[in-house]
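These notes are about the structure you will find just below.
In the UniProt record's numbering, the protein residues as written are 1 to 121.
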C-alpha cells in the first residue's frame with residue numbers, strides 16, 4: 001500500500017499561507033484582467049502607458065506585491081507537491097534551498113524590471 005505524504009497540516013502555517021496567497025492572487029488577477037482587457041484594450045497598451053501606470057505608487061505596490069505573492073505561492077506549491085510525492089531527507093533539503101534561491105532570484109529580477117519601468121525612483 002502506498003504511503004500518503006502531506007506537507008500541509010490542515011490549519012498549519014504553510015496551509016494558511018497557500019490559501020491566503022491564492023485569495024490575493026485571484027483578486028489581483030481580476031484587477032489586472034479588468035484594467036488591461038476592458039479598460040485598456042491590448043492594442044492600446046504601450047510602454048509609455050505601462051510606465052505611467054507603474055509610476056503610480058498604488059499600482060506599483062500592487063504589482064510588486066503580486067510578484068512576491070505569486071513567487072511564494074508557486075515555489076511553495078511546487079515544494080509541497082514534491083514533498084507530497086515522497087521527497088525526503090537530503091533531496092528534500094536540496095530542493096527546498098534550490099527553490100528558495102530561485103524564488104529569491106525571481107523577486108530580485110522582477111523588482112529590477114519594475115524599478116526600470118517607473119519614474120518613482
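Think of the CB as a built atom: it goes at the ideal place given N, C-alpha and C, for glycine as much as any other residue.
Indicate whether residue i and residue j have their beta-carbon atoms separated by less than 7 Å.
i: residue 55; j: residue 118; result: yes
i: residue 62; j: residue 107; result: no
i: residue 60; j: residue 28; result: no
i: residue 105; j: residue 95; result: no
Apart from the five residues on each side of it in sequence, which residues of its chain come closer than 7 Å, Cβ to Cβ, to residue i?
i: residue 99; result: 75, 78, 79
i: residue 36; result: 45
List the whole-angstrom C-beta distance separating residue i from residue j, where the pair is believed to meet the contact cut-off of C-beta under 8 Å.
i: residue 21; j: residue 69; result: 5 Å
i: residue 39; j: residue 120; result: Not really, about 22 Å apart at Cβ, beyond 8 Å.
Could you tell me if residue i is buried or exposed, where buried requires 16 or more neighbouring beta carbons within 10 angstroms of its beta carbon?
i: residue 19; result: exposed
i: residue 13; result: exposed
Among the candidates the options, whose CA atom is the shortest distance from the CA of residue i?
i: residue 25; options: 50, 48, 64, 57; result: 64
i: residue 114; options: 43, 50, 31; result: 50
i: residue 15; options: 73, 103, 31, 91; result: 73
i: residue 116; options: 43, 47, 17; result: 47
Please report whether the beta-carbon of residue i lies at a distance below 7 Å from any beta-carbon of chain D.
i: residue 50; result: In the structure shown, chain D cannot be found, because there is only a single protein chain.
Below 6 Å CB to CB, which residues in the same chain sit around residue i once its five sequence neighbours on both sides are set aside?
i: residue 127; result: Residue coverage of the chain in this structure runs from 1 to 121, which leaves residue 127 outside it and unanswerable.
i: residue 93; result: none
With a CB to CB cut of under 8 Å and the five nearest residues on each side skipped, what residues in its chain are close to residue i?
i: residue 101; result: none
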